Amino acid sequence: MAGAERLRVEVIPLGPVDEVSVSVVAANIQTFIGLAVDVAPPWPEPAYALIPVRGQYNALPILKALSEGAGTDIRRLGLLAGDLCLPILTHVFGEAQVNGRAAVVSLRRLKQGRNGQRAPTHLLLERLAKVAVHEMSHVLGLKHCRSPRCLMSFSLGIEQLDALSLRFCPDCERLIARRILR
Amino acid sequence: MSTLNIMVVDDEEAMRESLAAWLESSGHEVGLAENGSKALDLLGGAGYDLVLLDIKMPGMDGHELLRRIRERHPGIMVVMITAYGSIESAVAAMKEGANDYLLKPFDPKQLMLLIEKMANQKEMMAEYRLVRTRLSELEGAGFKDLIGGSEPMRAVFRRIEEVAQADIPVLITGETGTGKELVARAIHARSVRNCGPFVAINCGAVPEQLLESELFGHERGAFTGAVRTRIGRLEMADRGSLFLDEVGEISAQMQVNLLRALEEKRFLRVGGSREVESDFRLICATHRNMQALVEAGRVRSDFFYRINVISIHVPPLKERGDDITLLARHFVQQFSREISKPLQELTPSAYRLLARHSWPGNVRELLNVIERAVVVSRGPLIDASDLTFLGPEPEATKSGATLKEVEALHVRRTLEECDWNVSRASEILGINRGTLTRHIKKHELKKPC
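So the sequence lines, in the order shown, correspond to chains X and B. Numbers in the numbering used here are just positions in the first sequence, counted from 1, shifted up by 11. Numbers in the numbering used here are just positions in the second sequence, counted from 1, shifted up by 14.
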């Protein structure tokens, strides 16, 4: 497991993010992916990525900023309270550089509950863990999976995200193991 | 859902890059173009399935590019991208032949559903083409091109009927040119897989270093020049039959890889890390003695037993008696039609000449001979004189010819076959040069001017 010992993940709050959310993300990445995780001090809110007319953050410059300066053995996951998007898409829960060094996850839409209510905390944290592990797996090179129950399948919306279990299909599990040993 | 090769055409870099990033994370392959001319250049060289095309671009706009794509690449699907508020423009594009449109920015769910729809459309089109091909093959299916009334061929037909439905590997043996692939196609056409593809590869014709990629496919970047993911023959043959011709030429390492794929029905593409499943029936053919190759250590015994569950031997043409006449007549009709000549017929002397030939190249040689004769003959009949390249009809072999006449004829024919190369002819005749020279003098044979 020499490779696994070398590769580390840094979880970085981008602006104000509650400590519980950060800890849950760190613990789940460590558990489900098997990489050592450090929680880094918060970075400032990424004002450079804000699209004022949409009130959303563009994920691409954030990924660029996160990956810059990350050593070859470091993978970074940014956590953002604000809403995240791509210029071409209305929103994303998270975004990652496939086979790259960085991913970013937004808490904003994960808080959405039924009938416009805020989701209960346990549900929010479960969703956050799923999206964070999913995006970090993209960073390790995994793409969307066709197995409908696999964590790497694409969620069409929050309901589908809730229907997913926090586990990989055997194929993706094998791929994760290979990637961290590489 | 199958993965697609998608081109994104948009003059805004942020749009192109963000769409590419999102599509790639779903496993699709993405090419980018910032304007219409670059898009047309790229579309000419690679097999794109779908173009996501922004309507509003400087220079050639989306409508113009759509028209050109429809002219040059009618099989490529096109989805127009337009800003909110320009829906009329999108509707106009649909009338011009676009498959769908998206208003940007789009909801990820909407984009995913549209990509799925396009992938399904691609699969449906592929299936439609396949069914159309299969249907045309199945018209008069089975033994359509396998002609023969001789007992050895009747035994082959019976064997095909027996094994076709069994869905187990078959090894077809026989000399080169005997029609082993036609036998394989007949098995496929009569099997439960006849609506699936029949995928053939000649293993002896593909260099060793390329064979692995041909059979198993490769991922993009697997080796220099692998610019796109490519599926291999095993994957193409899913739900159909895979025909490996000249299977005796496969290297030991490749035998191991194939054996594993045959047993597990799953394999890795070259450079791949995710296993691919394929359910195919294996049909192999060889002109070699596989048992001898096993004994010589050139073919692994486990591989041999895996591919040789049932075998069919296709007899050489010289052992098929009157089939030569049947086949010759069939080929004459076929080639007459192909080159729009009035229907021709072979004369009795031409038939006799064909029947006497040893046909080392088997049916393929006969086919070539007849094609040549149909082309060069001038009248409605093809005579022995149109087949001089096979040698003249041996007048002296009729009963009543003397031994001297037969000897003279045989020496002359051998010399003609060797283009009067005395050394080569003496080797064939099994005599030395001096003896042959004496025979030439004795029979007063002369090289034609």
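For glycine and all other residues, C-beta sits at the position ideal for the given N, C-alpha and C. Note that the structure is predicted; figures quoted are calculated from it, not measured.
- Straight-line measurement puts the Cα of residue 133 (chain X) at about 10 Å from the Cα of residue 139 (chain X).
- Checking the DSSP bridge columns, you'll see residue 255 (chain B) partnered with B:212 and B:295.
- Neighbours of residue 230 (chain B) across chain X, judged by C-beta separation under 9 Å, do not exist; the nearest C-beta is about 17 Å away.
- Inter-residue distance for residue 43 (chain X) and residue 170 (chain B) is about 59 Å (C-alpha atoms, whole angstroms).
- In the displayed model, residue 271 (chain B) falls within a helix according to three-state DSSP.
- Among the CB atoms of chain B, one or more fall inside 8 Å of the CB of residue 99 (chain X).
- Of the candidates X:45, X:50, X:40 and X:162, X:50 places its Cα closest to the Cα of residue 28 (chain X).
- Close partners of residue 71 (chain X) in chain B (Cβ separation under 8 Å): 28, 31, 32 and 35.
- Here the C-alpha atom of residue 189 (chain B) lies approximately 11 Å from the C-alpha atom of residue 260 (chain B).
- The beta strand (DSSP E) runs of length 3 or more contained entirely in the segment 286-345 of chain B are, from start to end of the chain, 289-291, 295-300 and 324-327.
- Here the alpha carbon of residue 63 (chain B) sits roughly 51 Å from the alpha carbon of residue 394 (chain B).
- The beta carbon of residue 325 (chain B) is closer than 8 Å to those of 184, 185, 186 and 187 in its chain, skipping five residues each way along the sequence.
- Residue 404 (chain B) has its alpha-carbon roughly 25 Å from the corresponding atom of residue 455 (chain B).
- For residue 182 (chain X), the chain B residues whose Cβ falls inside 9 Å of its Cβ are 288 and 289, in order along the chain.
- Secondary structure note for residue 97 (chain B): its beta strand (DSSP E) is the uninterrupted segment 91-97.
- Here residue 133 (chain B) is not near residue 225 (chain B), since their CB atoms are 8 Å or more apart.
- The Cβ-Cβ distance between residue 122 (chain X) and residue 135 (chain X) falls below 8 Å.
- Within its own chain, the residues whose Cβ lies closer than 8 Å to the Cβ of residue 337 (chain B), once the five positions on either side in sequence are excluded, are 161, 162, 163, 164, 167 and 331, listed in chain order.
- Taking a Cβ-Cβ cut-off of 8 Å, the neighbours of residue 168 (chain X) in chain B comprise 123, given in sequence order.
- The distance from the Cβ of residue 22 (chain B) to that of residue 57 (chain B) is about 12 Å, inconsistent with a contact at the 8 Å cut-off.
- Taking 8 Å as the cut-off, the beta carbon of residue 120 (chain B) is found closer than this to the beta carbon of residue 99 (chain X).
- Bounds of the beta strand (DSSP E) holding residue 21 (chain B) are 19-23.
- Put simply, the backbone Cα of residue 434 (chain B) is about 15 Å away from that of residue 449 (chain B).
- The continuous stretches of beta strand (DSSP E) do not include residue 122 (chain X), and DSSP gives it neither H nor E.
- In the displayed model, residue 458 (chain B) falls within coil according to three-state DSSP, outside both helix and strand.
- When only Cα atoms are considered, residue 222 (chain B) and residue 136 (chain B) end up about 33 Å apart.
- Straight across, the Cα-Cα distance linking residue 96 (chain B) with residue 54 (chain X) is about 36 Å.
- Beta-bridge analysis with DSSP links residue 395 (chain B) to B:359.
- Residue 170 (chain X) sits exposed, since fewer than 16 C-beta atoms from the chains shown fall within 10 Å of its C-beta.
- DSSP places residue 67 (chain X) within a strand segment (E or B) once states are collapsed to three.
- Contact residues of the segment 163-187 of chain B toward chain X are absent (C-beta to C-beta distance below 8 Å).
- By the CB criterion at 8 Å, residue 94 (chain X) and residue 129 (chain X) fall outside the cutoff.
- In the structure shown, the three-state DSSP call for residue 47 (chain B) is strand.
- Within chain B, the residues 39, 40 and 41 have their CB atoms less than 8 Å from the CB of residue 155 (chain X), given in chain order.
- The C-beta separation of residue 297 (chain B) from residue 215 (chain B) comes to about 11 Å, leaving the pair out of contact by the 8 Å criterion.
- Among the residues of chain B, none has a CB under 9 Å from the CB of residue 88 (chain X); the nearest is roughly 15 Å distant.
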